[in-house]
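Report on the structure given below.
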Amino acid sequence: MLPGGLVYLDGNSLGAMPRSVPARLSHVASQEWGQQLIRSWTADAEAAQDWMALPDRVAAKVARLIGAAPHEVAVGDSTSVNTFKALAAALSLAGERRVILTDADNFPTDLYMAQGLGTLTGDLELRRVPSADIAANLTGDVGVLLLTEVDYRTGRRLDMAALSAQARAQGILTVWDLAHSAGAFGVDLNGCGADFAVGCGYKFLNGGPGAPAFLFVAERHHAAAPVVLSGWMGHADPFEMARDYAPAPGARRFVVGTPQVLSLSALDTALDVFADVDMADVREKSLSLSRTFMALMGPLLARFPLTLVTPEAEAERGSQVSYRHPQAREVMADLIAAGIIGDFRTPDILRFGLTPLYHSHADMWQAVQGIKAVLEARA
198 MLPGGLVYLD GNSLGAMPRS VPARLSHVAS QEWGQQLIRS WTADAEAAQD WMALPDRVAA
258 KVARLIGAAP HEVAVGDSTS VNTFKALAAA LSLAGERRVI LTDADNFPTD LYMAQGLGTL
318 TGDLELRRVP SADIAANLTG DVGVLLLTEV DYRTGRRLDM AALSAQARAQ GILTVWDLAH
378 SAGAFGVDLN GCGADFAVGC GYKFLNGGPG APAFLFVAER HHAAAPVVLS GWMGHADPFE
438 MARDYAPAPG ARRFVVGTPQ VLSLSALDTA LDVFADVDMA DVREKSLSLS RTFMALMGPL
498 LARFPLTLVT PEAEAERGSQ VSYRHPQARE VMADLIAAGI IGDFRTPDIL RFGLTPLYHS
558 HADMWQAVQG IKAVLEARA
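Be aware that the sequence shown starts at 198, since it is given in our numbering, and climbs by one per residue.
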């Protein structure tokens, strides 16, 4: 559901609305909430909505896209809260190792949550090194490796399989942020041997602003990984109202609060778009779009102060293309006004997200013509 007269290259920040979502939200509001009221929490002869099981149904849809089993995924809360849960659980499994190793330029919320956890425990070191030096710093004192698979600024994609294997060889647990991966291309968490992962519901998954996030916990850790935020909805039998916490089976134990029914319903319906989509085809379309975009942008790099920062090697590229420009903030403002909607990221990044589900190669041509016109006007 996209308005005419523009090219939307910001689906890696807020995905477009699938056409089926408004009707689902209307039904949830008018019927499930409006008519069935509290009866919608459970499934019975009169109300088959079963809101209580909604997080599990959404988790199963997410699991298919990230190479996980449904019982390894919990859906709810935000990416930040899920990062806290994953880090706390991983550090507990790491024993006496109290170092979290991360990319020096990792996404701010990942760094903030690690810093906050360190403040709480008082004994953590957040060790930040350039991404190129991660492998060399997988040393025996590191307990957890916290990385984002695709850099939010440059679009550089890390080698999850290789880094996870190197970490595992050193006894280090991995926490992967899939905010710019899930839905953009196929992810294989179990194939890569990842321990934990988190991700966002409102970017490439198109779940709507503030959509619930997800948390992956590998099955091998379910018994030993502690649930530090042990909420009512993660209990094995919430309506027993027991006074002591007993975890639900699988990753569902990591769900903290009451399911956000309205936003979960939007995400649930949005994920149906992927039901008949092969993620290998999504990846090939993404690479084809980015090849086209970069080829069309090539002549502009010779005329204007643009520098490509996205890797040209396809294995190292996510689903966005970014350029440096000394007046990036002003240029992006002009582009948005002209109907070419991308993103500015500090200090000087022009970021263009490519969403294979709804972008065409003609969109790439139209976008580059708009970029050219704006740069010529500014010159």
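Each residue gets a CB set at the ideal place from its N, CA and C atoms; glycine is no exception. Please read these numbers as outputs of a predicted model, since none were measured by experiment.
Residue i vs residue j beta-carbon contact at 7 Å
i: D385; j: G515; result: no
i: V452; j: G431; result: yes
i: F411; j: G380; result: no
i: S361; j: A329; result: no
i: F541; j: A559; result: no
i: V347; j: A283; result: no
i: P215; j: A467; result: yes
i: A286; j: P423; result: yes
i: A364; j: L335; result: yes
i: F490; j: V518; result: yes
i: D465; j: V255; result: yes
i: P553; j: S462; result: no
i: R353; j: P508; result: yes
i: H522; j: L498; result: no
Assigned secondary structure, residue i (DSSP; H/G/I helix, E/B strand, else coil)
i: R365; result: helix
i: L251; result: helix
i: S460; result: helix
i: A242; result: Unreliable placement is indicated for A242, whose pLDDT of 49 sits below 50; the coordinate value is still reported in the next sentence. Reduced to three states, the DSSP call for A242 is coil.
i: A443; result: coil
i: R542; result: strand
i: Q228; result: helix
i: P262; result: Here residue 262 is Leu; the residue named in the question, Pro, does not match the sequence. Three-state DSSP puts L262 in a helix.
i: I331; result: coil
i: R526; result: helix
i: L222; result: helix
i: V204; result: strand
i: R216; result: coil
In DSSP terms, what residue i is bridged to
i: W429; result: Answer by DSSP bridge pairing: none, since W429 is not bridged.
i: L343; result: T299, V372
i: Y520; result: L505, L547
i: I235; result: Partner(s): none; I235 has no beta bridge.
i: V452; result: Paired residue(s): none; V452 is not in a bridge.
i: I537; result: V204
N- and C-terminal bounds of the beta strand (DSSP E) containing residue i
i: L298; result: 296 to 300
i: A414; result: Ala is not the amino acid found at residue 414; the sequence shown has Val there. Unbroken beta strand (DSSP E) run through V414: 411 to 414.
i: L323; result: 322 to 326
Element boundaries [alpha helix (DSSP H), containing residue i]
i: I568; result: 558 to 575
i: E437; result: Counting along the chain, E437 falls outside any alpha helix (DSSP H), and DSSP gives it neither H nor E.
i: A477; result: 476 to 500
Cutoff 7 Å: residue i Cβ touching any chain D Cβ
i: R236; result: The displayed structure is made up of one protein chain only, and chain D is not part of it.
Exercise. Could you give the uninterrupted runs of the alpha helix (DSSP H) lying entirely in the stretch 372 to 399, keeping only those of 4 residues or more?
Worked result: Counting whole runs of 4 or more residues, the stretch 372 to 399 contains the alpha helix (DSSP H) stretches 386 to 389.
Problem set entry | Inside the stretch 266 to 316 only - alpha helix (DSSP H) runs reaching at least 4 residues | 276 to 291
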